[in-house]
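In the numbering used here, the protein residues as written are 553 to 1042. Glycine included, every Cβ here is placed at the ideal spot set by N, Cα and C. Every value quoted in this text rests on a predicted model; they were computed, and no experiment measured them. Heads up, the thing below is written out as structure tokens.
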Amino acid sequence: MTSFHEYPPVAPIVGYQLFTWGSLHGYYPGTSSSELRSTYKMEDQEMNFEQAYGSLSETDNTFEPLFIEEEDEDYFEDCLEEIEAALTLPGESMPYSLKCREALQAEFNGLMQQMLAQLDAFDAAHPTTEPLELFSETENKLDRNGFTKTIKFGECSPEKEQTVLEVEDNAFGIPVEARPELSATMEIQKLREAFENCIEEVGQLECRRDELVQELLELEEPMAQELQTVREALEEEQGLLSKISLERQSLQEETQKTKRRLFTAARDCAQRQVELELHKKAVEQLNQAQEELKALDVKLTEEITKIHSEHQSHLQELQNQLNITQESSKKKNRSYVTQGRRASCDLQQYLQGGIKALEDFYEPRLVSLLKRREATVDALSKAKEQCQELRAQLGPLREEEQMLRLQRTCLEERIQLMERQRRENVEQYRGTVDALEENIRELKTELKIQIKKTEELDMLKNSMVKELFFYREHADGPCKQENSVVVEKT
């Protein structure tokens, strides 16, 4: 099968028709329809044979139109664009589009070869009149199909048309109605049928393209919905996590406050316990001192009683001695009495001085000890009252501490459950995101493949346009020569 690059040189009118058809239907790669129409108008201005050679008469023969009718021009352009889009669809449409393109290329190549062979034979039989008729036929077709402004070889005065027809009749001696055009009409009919088949295949490809686009949209909708639901769930989880974190911070602040209160209460309790222990030690010391003083008092009373008994015994002895001495001698009694009185007075004075010294020595100590005892008793009672108050305050604090510990354990368990659920949700979301990213990568690779294939098609179109332009340039030479010959003969 021959490709588009291996075409033999075609006749001028065929190259001009194909070039006009390609320029009218957007076969310039990378250009829009408005740009294509402007370029075609520029080509019309360049190909204005009327300025160089004058007007030529239109033939009376009518052929079947090679292209579609005027009202279907937009539809045909849309069909061509949809063919190009269908060839770039991913998935199952690629092998079918390639087969269709290859079949169309093969059929078009065969038809082109047959047409070229028949045109060569017709040119050999009618070397002079064929280009003019075909040019006029092309202009009639383009004018009837209602494309853009084209070259009008028939826009001339009736006198010029009559002279041209007379020159043609005189030069060749063959009437215009009797010229053999059956083969050309058959080829044009075949081309028309081929283009109708192409249009049918374009419709099939369009339907297939629509089906594939619908399938792609149906596949993308659940993915987008699932992604949206995943994002909404993730936002909800993030909101719950932020709320839980705020609650956790507030509970941590409350626990810190309660810990500070418990610490201050424990510190005060420890200080009170230390003070109580100190007071207890002071009371014990006071009790010991009191016991010592009691023992000393007992000892002193015993000594006093002993001294008093000794004094009484001594007085009794002296009284006995005095009685004895009184009986023995009356004279000595006076002296003994005086001496006894003196001794008793001295003894009484001595005892009174000792008692007074003992009272002066021990009385302030006893008073201070009594005062100290009263102070310690008061401090001990106050300490007991403070201990009772602290114990009463410590009970609700312990209950509050237990409640806070329970709340803390409950919140820790709740946070662990939320973190576990969040990890599971994050893993699930990551799985879905990975699957979506993988699908996106696959779609991107398919899109790159389609872009590459479209670039190849654009390159093929560019080469085809270049060949058609080359054929048109080759077609310009013989047409100009024939037109110059006709003008000279007129």
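| Check | Outcome |
| --- | --- |
| Determine the burial state of R761: buried for a count of at least 16 other Cβ atoms within 10 Å of its Cβ, exposed for fewer. | buried |
| Looking at chain C, is there any beta carbon in it that lies within less than 8 Å of the beta carbon of E773? | Here there is only one protein chain, and chain C is not present. |
| Taking the Cβ atom as the reference point for each residue, do L946 and A817 lie within a distance shorter than 8 Å? | yes |
| Taking C-beta to C-beta, are G852 and L918 nearer than 8 Å? | Inspection of the sequence shows that residue 852 is occupied by Leu rather than by Gly. No, these two residues do not count as a Cβ contact at 8 Å. |
| Measuring straight from C-alpha to C-alpha, what distance separates Q840 and Y902? | 33 Å |
| Between the region 661 to 675 and the region 760 to 776, do at least 3 Cβ pairs fall closer than 8 Å? | no |
| Exposed or buried, what is I740 when buried is set at 16 or more other beta-carbons lying within 10 Å of its beta-carbon? | buried |
| Decide if the region 972 to 985 is in contact with the region 825 to 832; the criterion is three or more beta carbon pairs, one per stretch, under 8 Å apart. | no |
| Applying the criterion that 16 or more other CB atoms from any shown protein chain within 10 Å of the CB defines a buried residue, is M667 buried or exposed? | buried |
| Which residue's Cα is closest to the Cα of Y981: E753, M775, E654, L771? | M775 |
| Whole angstroms is fine: what's the gap from N977's alpha carbon to Q766's? | 32 Å |
| Are at least three pairs of beta-carbons, each pair with one atom in the region 851 to 867 and one in the region 954 to 973, less than 8 Å apart? | no |
| Tell me whether A935 is buried or exposed, calling it buried when 16 or more other Cβ atoms sit within 10 Å of its Cβ. | buried |
| Just to confirm, are L963 and Q842 a CB contact at a threshold of 8 Å? | no |
| With distances taken Cα to Cα, identify the nearest neighbour of E965 among L786, I796, E805, E752. | I796 |
| Which residues in the same chain as S735 place their Cβ atom closer than 6 Å to its Cβ, once the five residues preceding and following it in sequence are excluded? | Q670 |
| Looking at the structure shown, is A730 part of a helix, part of a strand, or coil, going by DSSP? | Bear in mind that a pLDDT of 40 at A730, under 50, signals an unreliable position, so the model cannot answer this. |
| On the criterion of 16 or more Cβ atoms from any shown chain inside 10 Å, does R1024 qualify as buried, or is it exposed? | buried |
| Judging by CA-CA distance, which residue of E659, R974, E844, R960 is the nearest neighbour of T807? | R960 |
| Could you check how far apart the C-beta atoms of I967 and R800 are, in whole angstroms? I think they sit under 8 Å. | 6 Å |
| Pair every Cβ in the region 855 to 874 with every Cβ in the region 890 to 907, then say whether three or more of these pairs are closer than 8 Å. | yes |
| In whole angstroms, what is the alpha-carbon distance linking R974 and R993? | 28 Å |
| Applying the criterion that 16 or more other CB atoms from any shown protein chain within 10 Å of the CB defines a buried residue, is L757 buried or exposed? | buried |
| From E745, E654, L768, L828, pick the residue whose C-alpha is nearest to that of V929; which is it? | L828 |
| CB-CB under 8 Å to E778, same chain, minus the five flanking residues each way: which ones, in chain order? | T984 |
| Could you tell me the distance, in whole angstroms, from the CA atom of T737 to the CA atom of N1014? | 30 Å |
| With distances taken Cα to Cα, identify the nearest neighbour of M970 among E789, Q904, N991. | E789 |
| Should V754 be labelled buried (16 or more other beta-carbon atoms within 10 Å of its own) or exposed? | buried |
| As a quick exercise: from A785, A746, R819, pick the residue whose alpha carbon is nearest that of L942. | R819 |
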